[in-house]
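Numbering (our numbering), first residue to last: 2 to 452. Heads up, the beta-carbon is just placed ideally off N, CA and C, and yes, glycines get one too.
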Amino acid sequence: MTTTAHDITYRLEQKRRVQADFPGPKSVALTERRKAVVAAGVASSVPVFVADADGGIIHDVDGNSFIDLGSGIAVTSVGASDPAVVGAVKEAVEHFTHTCFMVTPYEGYVAVAEQLNRLTPGDHEKRTVLFNSGAEAVENAIKVARLATGRDAVVAFDHAYHGRTNLTMALTAKAMPYKTNFGPFAPEVYRMPMSYPFREENPEITGAEAAKRAITMIEKQIGGDQVAAIIIEPIQGEGGFIVPAEGFLPALAAWAKDKGIVFIADEVQSGFCRTGEWFAVNHEGVVPDILTMAKGIAGGMPLSAITGRADLLDAVHPGGLGGTYGGNPVACAAALASIGSMEQYNLNARAKHIEEIALGKLRELASEQPVIGDVRGRGAMLAIELVQAGSKEPNPELTKAVAAACLKEGVIILTCGTYGNVIRLLPPLVISDELLLDGLEVLAAAIKANA
Ligand SMILES: *Cc1c(COP(=O)(O)O)cnc(C)c1O
């Protein structure tokens, strides 16, 4: 096995160590306090409270240390306390916490826009706007597309996840827990079939054919000239880490271009080195008209962005885009430092290295375990889909049991998927090989014990 020489030093010892009976007394007490004051609708998957986090390790308030294979949902790719990010935040926050870019602008916002225009695919003229959350970025990408095209309809896909605000709930495909009883939803959203290789009725269907299937439906049900935007996650996140068949994204993007439809890649989860490229669309050379970004962008600080064609973004009248906190100066400083660390540590190479280690282990495991229906993903965005042995019937019970068994051993693992049967791996890209391998062994044992 190869190991990349990476010059990452850790503040906390990178070792898993949990007491058999956690949550400990401090976490239990905090959970009681929480129950009395925090709305039940905000659920947490791990029953301990965090005291510290660094590299691939999370410490709780009772002295347990967990391996983090979730990165706070693909956010802390550079770690949860990357020294460069921490330093940049401290420096920025001592000068000003906020002025509002729409009132008195500051350099950090411009510098982040320069970086995003440089890093996103395509060498066309680009513009960037900064916001706070992924959902807000998605909302604004759609606003821009509708204004620029003068059209209403928006196409989203099966298994999509785009957020929890009203429009982004409408774009999201899964009812429970995201949409049920939260309607009515924003109109003019149309859902089309995704390319989902593992669950295709015809396993031979190519990416281009799957794109044709969606395009024909769009033409018949909406009309290409009525569509403002097609929004798609190049690798679907919450929906199950679904990697569309090769050729699907390029065919859709080419058709959108032909019809004057704005092609929006929602890279909120897949962006910033997560898949071994700056953006997941790069794997197939797709150049979106607009990209939405958040999660990994700023080392854990809340920041999101849209970057896209200058003619689209500059079509919006002055004052038409913005928000009080959008592009907060401290978050901008964190983003610049975080992008710097991604380059310094070469986290794209690191993500590919994680893929090399983990995919090999997962495939080996799948060959022994008929409950593993599929192994997929790119870089450090990897997943296994669990099924009833010998079929494609989803196995959400086993998925829950495996995640719980991993947690019991001190490994934080997230699940996802339309059918709740996908285990997803999203380790911080700075995780050490030793810790990653330890986490994978725990996962393997949990599957063997519960299958
Ligand atoms: C998480 C996510 C969002 C929503 O981001 P928030 O910051 O939670 O609003 C949107 N799109 C994708 C693909 C996501 O993974």
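Cβ neighbour criterion (16 or more within 10 Å) applied to residue i
i	result
residue 37	exposed
residue 318	exposed
residue 97	exposed
residue 375	buried
residue 15	buried
residue 127	buried
residue 177	exposed
residue 113	buried
residue 226	exposed
residue 221	exposed
residue 443	buried
residue 409	exposed
residue 259	exposed
Contacts around residue i, its chain only, beta-carbon distance under 8 Å, and the 5 residues preceding and following it disregarded
i	result
residue 372	387, 388, 389, 390, 396, 399, 448, 452
residue 315	128
Sequence-distant residues of its chain with Cβ nearer than 7 Å to residue i (five each side left out)
i	result
residue 55	11, 12, 13, 80, 81, 82
residue 278	284, 349
residue 52	60, 61, 62
residue 5	Only weak support exists for where residue 5 lies, its pLDDT of 48 falling under 50; the value from the coordinates is given anyway. 350, 351, 354.
residue 325	101
residue 20	65
residue 140	166, 168, 169
Span of the alpha helix (DSSP H), counted from its first residue to its last, around residue i
i	result
residue 453	Past the boundaries of the shown model lies residue 453; the chain is included only from 2 to 452, so the question cannot be answered.
residue 439	434-451
residue 249	249-260
residue 368	348-369
residue 193	Residue 193 -> not in any alpha helix (DSSP H); beta strand (DSSP E) instead, spanning 190-193.
residue 129	Here residue 129 belongs to no alpha helix (DSSP H); instead the beta strand (DSSP E) covers 127-132.
residue 31	26-38
residue 337	330-345
Boundaries of the beta strand (DSSP E) in which residue i is found, first to last residue
i	result
residue 199	Run containing residue 199: none; DSSP gives neither H nor E here.
residue 386	382-387
residue 75	Run containing residue 75: none in the beta strand (DSSP E); it sits in the alpha helix (DSSP H), 72-75.
residue 374	373-379
residue 417	415-417
residue 305	305-310
Neighbourhood of residue i by C-beta, 6 Å cutoff - its chain only, sequence neighbours within 5 removed
i	result
residue 455	Beyond the ends of the chain as shown, which are 2 and 452, falls residue 455; an answer cannot be given.
residue 264	231, 254, 257, 289, 290
residue 237	160, 243
residue 247	208
residue 435	none
residue 302	332, 335
Next on the checklist: Can you confirm whether the region 427-440 touches the region 63-70 when touching is taken to mean that 3 or more C-beta pairs between the two stretches lie within less than 8 Å?
Outcome noted: yes
Checklist entry - Pick out every residue whose C-beta is nearer than 5 Å to a heavy atom of ligand 1: which are they, in chain order? => result Output, sorted by chain position: 134, 135, 136, 163, 164, 234, 238, 267, 269, 270, 295.
Checklist entry - Is the region 164-172 touching the region 125-139, taking contact as three or more C-beta pairs under 8 Å? => result yes
Checklist entry - Three or more beta-carbon pairs under 8 Å between the region 147-156 and the region 225-237, yes or no? => result yes
Next on the checklist: Assess contact between the region 101-111 and the region 234-252, defined as three or more Cβ pairs (one per stretch) separated by less than 8 Å. Is contact present?
Outcome noted: Not touching, per the Cβ criterion.
Item to check | Any 3 or more C-beta pairs closer than 8 Å across the region 331-341 and the region 308-318 | outcome: no
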